[in-house]
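First residue of the sequence shown: 0, per numbering that gives the first Met the number 0; consecutive thereafter.
Don't be surprised by glycine CBs; every beta carbon is placed ideally from N, CA and C.
Below is one structure, written out as structure tokens, with a few remarks after it.
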Amino acid sequence: MEEQLSKTEFRNAMARVCAPVNVITTNGPAGRGGFTATAMCSVTDEPPTLLVCMNSRSAQTGLFFENRRFCVNVLTQEHKELAGYFAGQRAEMEDRYAAAQWIDFRSGSQALSDAIVSFDCRLTEARLVGTHHIFIGEVIDIRSRKDGHALLYFDRNYVHVPTQAGSFGG
């Protein structure tokens with residue numbers, strides 16, 4: 000019988016994985032909400048699809064299920080404070096939104112105006128795995144910019160990629 004890993008051991012290992020920092024927003028009949036996440040990735044490009052993970056204990060879970068849409072906003076290094084707000088450092092949602100400028104997609108989803116890229120997604124599937132909901136969304140619109148350096152999370156700290164990070168192949 001295999002020995003099960005401890006939660007602490009797993010979390011410490013995952014802290015060594017570098018990930019982009021995103022603010023995931025929703026807007027619709029149930030209201031608007033948002034949270035900071037690093038658990039986001041591409042699923043497929045036919046049709047363009049992303050997945051995002053959200054703690055099932057979040058008070059906002061219902062908003063995402065009821066609105067049936069979400070927007071993934073990939074943050075820049077200038078958004079470190081905003082990432083903290085959407086991670087819960089500002090309790091009131093209106094205070095979180097007031098800390099930045101937002102634009103509307105045709106769908107009504109709100110995108111961070113200066114995000115590196117924003118993906119407007121229609122929630123197509125959700126699954127509860129352990130402590131988190133996995134939201135799968137078909138990308139219906141994209142807004143991006145050419146400049147900016149991604150805000151990353153590594154070893155429990157925000158970091159960024161330098162302008163000239165170097166290249167492989169020496």
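Can you give the beta carbon distance from residue i to residue j, rounded, assuming they're within the 8 Å contact cut?
i: Cys70; j: Gln100; result: Not a contact, Cβ separation roughly 14 Å.
i: Tyr96; j: Arg31; result: 7 Å
i: Glu137; j: Thr48; result: 5 Å
i: Leu151; j: Ala18; result: 7 Å
Beta carbon of residue i, beta carbon of residue j: below 9 Å?
i: Ser55; j: His132; result: yes
i: Met13; j: Phe134; result: no
i: Arg144; j: Ala114; result: yes
i: Val16; j: Thr35; result: no
i: Thr75; j: His148; result: yes
i: Phe63; j: Leu127; result: no
i: Arg68; j: Asn26; result: yes
Please find out if some non-hydrogen atom of the ligand MG comes closer than 8 Å to the beta-carbon of residue i.
i: Thr130; result: The ligand content of the structure shown is nil, which means the ligand MG is not present either.
Residues bridged to residue i by DSSP?
i: Asp103; result: Gln109
i: Val71; result: Ile23, Phe118
i: His132; result: Met53, Leu127
i: Cys40; result: Leu50
i: Glu137; result: Thr48, Arg121
What's the call for residue i, buried or exposed, on a 16-neighbour Cβ count within 10 Å?
i: Asn156; result: exposed
i: Gly169; result: Note that Gly169 scores a pLDDT of 47, beneath 50, so its modelled location is shaky; the value from the coordinates is reported in the next line. So Gly169 counts as exposed.
i: Ser5; result: exposed
Which residues mark the beginning and the end of the beta strand (DSSP E) in which residue i is found?
i: Arg121; result: 116-128
i: Phe34; result: 32-36
i: Tyr96; result: Not the beta strand (DSSP E): Tyr96 falls in the alpha helix (DSSP H), residues 92-97.
i: His159; result: 156-159
From what residue to what residue does the alpha helix (DSSP H) around residue i run?
i: Asn26; result: Per DSSP, Asn26 belongs to no alpha helix (DSSP H) and is neither H nor E.
i: Phe153; result: First-last for Phe153: 150-153, but that is the beta strand (DSSP E), not the alpha helix (DSSP H).
i: Phe63; result: 60-66
i: Glu8; result: 6-13
i: Glu80; result: 79-83
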